[in-house]
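What follows is a short report on a single structure.
Residue numbers (this note's numbering): 444 to 991.
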């Protein structure tokens, strides 16, 4: 079965991130890889939602995290037994399924404990005369294991502790062997030895087992009924019957009631710690309702995770879906600076210096001679226009412009009109609902030496709304800085028509002396001609923060 592959963009996904994921997954599907699915690592912003709704495209599935969980490494059809299962049947289960531990469950499927083949054998083979002689079983189970037939008495389900004696000697010697034992606990097993059969009946033994399929001697059957002695006939010889009798003990006598348990939704790392440090051979995984889901052993930790990732519009794990660091990454399609982690195997890695990841994905369609359908072409076009601010951003390249011309033909859209619609419909702060959502909608973390900083960005048409909300935004930005434990939190408010950015900053007050742009008022800077976080704002901050 093929692994599930998720094409996923960065956290706080923007239009380029979501559009490139959807379009690249569609390209893979077109090429026959139907196990590839688009995903997103956060909620889409208002602009992206507007585009998806306008084009009639369903949003990618949402992945809160991709940390491997217990459910990913267990077989959810576990082999189990109930506590009344005789040891004979339990050993058959061990052998048939090649397992070393057997979960014992109640009637509702909830685990009661574990039966370990190792510990079971230790108990079964332990030395000691009384231990070898003792048989704990109900008469019904005992007779069933012996393939026996009741000649007198009735099957009972109560487990009894019986003492097994083999009548393979003279009656005088046999009687001396059973001297001192409570007759009600005697399980006497013999073949066609009348004297032993009679002694067992006269002594009032609990159970007489006649082996070899032999009948009870004349007159003894009625005497056994009168004495209340249960008689069972088995077709097995005495040696075989003795072994089977000991295997009639129910699993309840061997189960380890103390066991490690874990929920199927818990992280795989929790399972690893339990297996490595508990000293137990296995851990029982349970469903939310408490029923058994499977059994995990140390070999489960070697199981292959059933999904892997293709990263688009980012290559740094700090920006990726939580858990990406422990999942196999197959490909990276990006247009940002490199900050990628090492991989165990060679992978496809495409990072082009263009304005949008959608430009890279659209180029792959064109290079492979695959025509995107109208919706995919429009989606890719939206991604390019969004990230390049309708080709006005300094990140825009000739390749972006060429791809836009190629896409607008296939989408049947004029890129200027389409771009204006996108920014007009969802520009500003009101579309985000709250100031915090506006700041966090496209907020990314960066590092300059020992300085941790984050920068968010929103595109607007005019700054009037910003100035109305400025104090609230500044207070919200301060809270974001504290929550994310940053040295500096910044927020770019970019007017797409005047091509000017107002930069609100919290932290690193000494920034004012080295910023290199006019300070309009405390914490607020005017950056004319600055529209790109990636190519202008972040490189500038990396340079100036490096001087502090």
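Glycine is no exception: its CB is placed at the ideal position from the N, C-alpha and C atoms.
- Counting only runs of 4+ residues, the alpha helix (DSSP H) found wholly inside the segment 586-632 occupies 614-621, in chain order.
- Beta bridge pairing from DSSP links residue 981 with no other residue.
- When 633, 642, 630 and 809 are compared, the shortest CA-CA separation from residue 619 is found for 642.
- Beta-bridge annotation (DSSP): residue 888 is paired with 897.
- Inclusion of residue 461 and residue 471 in the CB contact set at 8 Å is not warranted, their separation being larger than that value.
- Shown here for residue 705: same chain residues with a beta carbon closer than 8 Å to its own, the five before and five after excluded, namely 513, 713, 714, 717, 726, 727, 728, 729 and 739 in chain order.
- A Cβ-Cβ separation of about 51 Å leaves residue 818 out of contact with residue 542 under the 8 Å criterion.
- Of the residues 657, 654 and 631, the one whose Cα lies closest to the Cα of residue 646 is 631.
- In the structure shown, residue 579 falls within a strand segment according to DSSP collapsed to helix, strand and coil.
- Contact between residue 673 and residue 596 holds: CB atoms are separated by about 3 Å, below the 8 Å threshold.
- Comparing alpha-carbon positions, the option among 882, 658, 932 and 827 lying closest to residue 593 turns out to be 658.
- Excluding its 5 nearest sequence neighbours in each direction, residue 616 has no C-beta neighbour in its own chain below 6 Å.
- For residue 851, the number of other beta carbons within 10 angstroms of its own is at least 16, and it is reported as buried.
- Around the CB of residue 826, 16 or more other CB atoms lie within 10 Å, so the residue is classed as buried.
- Here residue 602 really is in contact with residue 580; their C-beta atoms are around 6 Å apart, less than 8 Å.
- Taking all protein chains in view, the Cβ of residue 829 is crowded by 16 or more other Cβ atoms within 10 Å, so the residue is classified as buried.
- Under DSSP, residue 815 shares a beta bridge with no residue.
- Taking C-alpha positions only, residue 495 is separated from residue 486 by approximately 13 Å.
- Put simply, the segment 775-791 does not touch the segment 514-521. Fewer than three CB pairs are less than 8 Å apart.
- Short of 6 Å from the beta carbon of residue 721, and not among the five residues preceding or following it, lie these beta carbons of its own chain, in chain order: 703.
- Residue 694 sits in a helix when the DSSP states are folded into three classes.
- Rounded to whole angstroms, the gap between the alpha carbons of residue 961 and residue 820 is 41 Å.
- The C-beta distance from residue 589 to residue 652 rounds to 7 Å, short enough to meet the 8 Å contact threshold.
- Assigned with DSSP and collapsed to three states, residue 462 falls in helix.
- At a Cβ-Cβ threshold of 8 Å, residue 530 and residue 692 count as neighbours.
- Under the three-pair Cβ rule at 8 Å, the segment 830-840 counts as touching the segment 936-955.
- Within the same chain, Cβ atoms closer than 7 Å to the Cβ of residue 577 are found at 604 and 606, the five residues on either side in sequence being excluded.
- If you check the CB distance, residue 867 and residue 898 do not come in under 8 Å.
- Annotation: residue 846 to residue 858 spans about 11 Å, alpha carbon to alpha carbon.
- Nearest in C-alpha terms to residue 796, of all of 540, 756 and 787, is 756.
- For residue 944, the CB contacts under 6 Å within the same chain, skipping 5 residues up- and downstream, are 935, 937, 970 and 973 in chain order.
- DSSP places residue 864 outside any beta strand (DSSP E); the residue lies instead in the alpha helix (DSSP H), whose first and last residues are 858-869.
- By the neighbour-count criterion, in which a residue is buried when 16 or more other Cβ atoms sit within 10 angstroms of its Cβ, residue 980 is buried.
- Cβ contact annotation for residue 775 (same chain, cutoff 6 Å, sequence separation greater than five): 754, 758 and 792, in chain order.
- Judged by beta-carbon spacing, residue 879 lies within the 8 Å limit of residue 919, meaning their Cβ atoms are closer than that value.
- With 16 or more other Cβ atoms from the protein chains shown falling within 10 Å of its own Cβ, residue 802 counts as buried.
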